[in-house]
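Chemist:
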Amino acid sequence: MIGLRSIAIASALVAASLAVPFDASHAQNDAQRLDTNGEILALETNKGVLLRLDRPASDIFIANPEIADVQVKSPRLIYVFGVAPGETTLYALGADEQPIYSASLQVTTNLTRLDELYEQLLPDSSVQIRMVNGTGLLEGVAPTAASAEAAERYARTFLKMDVVNHINVVQPTQVNLRVKFAEVGRSTLKQLGVNWESLFDIGDGTIGLLTGRNVVETIADPITGLPTNVFLGDDTADSILGSVSTGNIQLNAVLDALETEG
């Protein structure tokens, strides 16, 4: 079936071929611009709306049929549908060449499938998306920041365009701190002690008093072969040592300071 729009285009071509030449300067001065009435008709790709006009239309124009198109069902009933994302304009004129209807058409991607995707993959979230000036706007509520980021990622992949994320996250952002605990053995030891020994030679005998670890060991000098005293250290401690000998009395002392963790 040939629509009225096709007939209007054909008629315009015939009229143009038969037109008598005229002064373009006078026509430009007498021309009257007919703007749209400010109505915005929002459409989705592969979806449309049925419009009933106030009176029969003789001509219907769409600026860019690659964005939106029209099917004429009758002189007063037209079907306008989206073809591709973008904006264009529509005019319907009566027999007197006066506008019957005009609108700015804004075509966006079909968002129904994306809404269904959110319901399946993010059932705990309540997320909606709408198009604003060619940009996807995400709104709604998500339980976590990860859910909000997933919703934005799905939208970018589906729409293949920039997306503004205005999703409200119910759960506050948490900062996770990783703490590592090291097991400390029970051999931890703190020690500050004085080790001393005192020897008294009385005639042929010796009387001694010892405390703490052994401080001095008497060994034979490897050169002279005579007995000599050697102070004994401790590998686990720092030590301060001293020795006093007077007459038959010999006093040896060691101060150990130790702090280990093991």
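Under mature numbering (1 follows the signal peptide of the UniProt record, and there is no 0), the letters of the sequence shown match residues -27 to -1, 1 to 235, in that order. Backbone N, C-alpha and C define an ideal beta-carbon position, used for all residues, glycine too. Predicted model only: the values in this text are computed from it and were never measured.
1) Beta strand (DSSP E) containing leucine 26: first to last residue?
2) According to DSSP, simplified to helix, strand and coil, what is aspartate 88?
3) Can you find the residues in the same chain that come closer than 8 Å, C-beta to C-beta, to arginine 25, ignoring five residues on each side of it along the sequence?
4) Since glutamine 71 sits in a beta bridge, which residues does DSSP pair it with?
5) Under the rule that 16 or more other beta-carbon atoms within 10 Å means buried, what is tyrosine 52, buried or exposed?
6) Going along the chain, which residues of its own chain have a beta-carbon closer than 6 Å to the beta-carbon of proline 58, five neighbours each way excluded?
7) Taking the Cβ atom as the reference point for each residue, do threonine 62 and alanine 36 lie within a distance shorter than 8 Å?
8) Just curious, the beta strand (DSSP E) that leucine 110 is in, first and last residue?
9) Which same chain residues end up closer than 6 Å to leucine 132 when comparing Cβ atoms and leaving out the 5 residues on each side of it in sequence?
10) Which residue wins for smallest C-alpha separation from leucine 90, given the options Ser47, Tyr127, Gly113, Leu14?
11) Could you give the distance in angstroms between the alpha-carbon of isoleucine 40 and the alpha-carbon of leucine 94?
Modeler: So, from the listed chains and residues:
1) The count along the sequence shown starts at 1 and reaches residue 26 at position 53. First-last for leucine 26: undefined, no H or E at that position.
2) On the sequence shown, position 115 is the one that residue 88 refers to. In the structure shown, aspartate 88 falls within a helical segment according to DSSP collapsed to helix, strand and coil.
3) Stepping through the sequence shown from its first residue, residue 25 is reached at position 52. Taken in chain order, the residues that qualify are Arg49, Leu50.
4) The sequence position of residue 71 within the sequence shown is 98, counting from 1. Paired residue(s): none; glutamine 71 is not in a bridge.
5) To locate residue 52, count along the sequence shown from 1; it is residue 79. By the neighbour-count rule (16 or more Cβ atoms within 10 Å), tyrosine 52 is not buried but exposed.
6) Translated into the one-based positions of the sequence shown, residue 58 becomes position 85. Within the same chain, and ignoring the five residues on either side of proline 58 in sequence, the residues whose Cβ sits closer than 6 Å to its Cβ are Val80, Thr81, Thr82.
7) Working through the sequence shown from its first residue, we reach residue 62 at position 89. Working through the sequence shown from its first residue, we reach residue 36 at position 63. Cβ distance < 8 Å, so threonine 62 and alanine 36 count as in contact.
8) Position 137 of the sequence shown, counting from 1, holds the residue named residue 110. Run containing leucine 110: 108 to 115, per the beta strand (DSSP E) assignment.
9) The residue labelled residue 132 in the question sits at position 159 within the sequence shown. Scanning its chain for C-beta atoms nearer than 6 Å, with the 5 sequence neighbours on each side dropped, one finds around leucine 132 the residues Thr82, Gly109, in chain order.
10) Position 117 of the sequence shown holds residue 90. Closest by alpha carbon: Tyr127.
11) The residue given as residue 40 occupies position 67 in the sequence shown. The residue given as residue 94 occupies position 121 in the sequence shown. Isoleucine 40 and leucine 94: Cα-Cα distance of roughly 31 Å.
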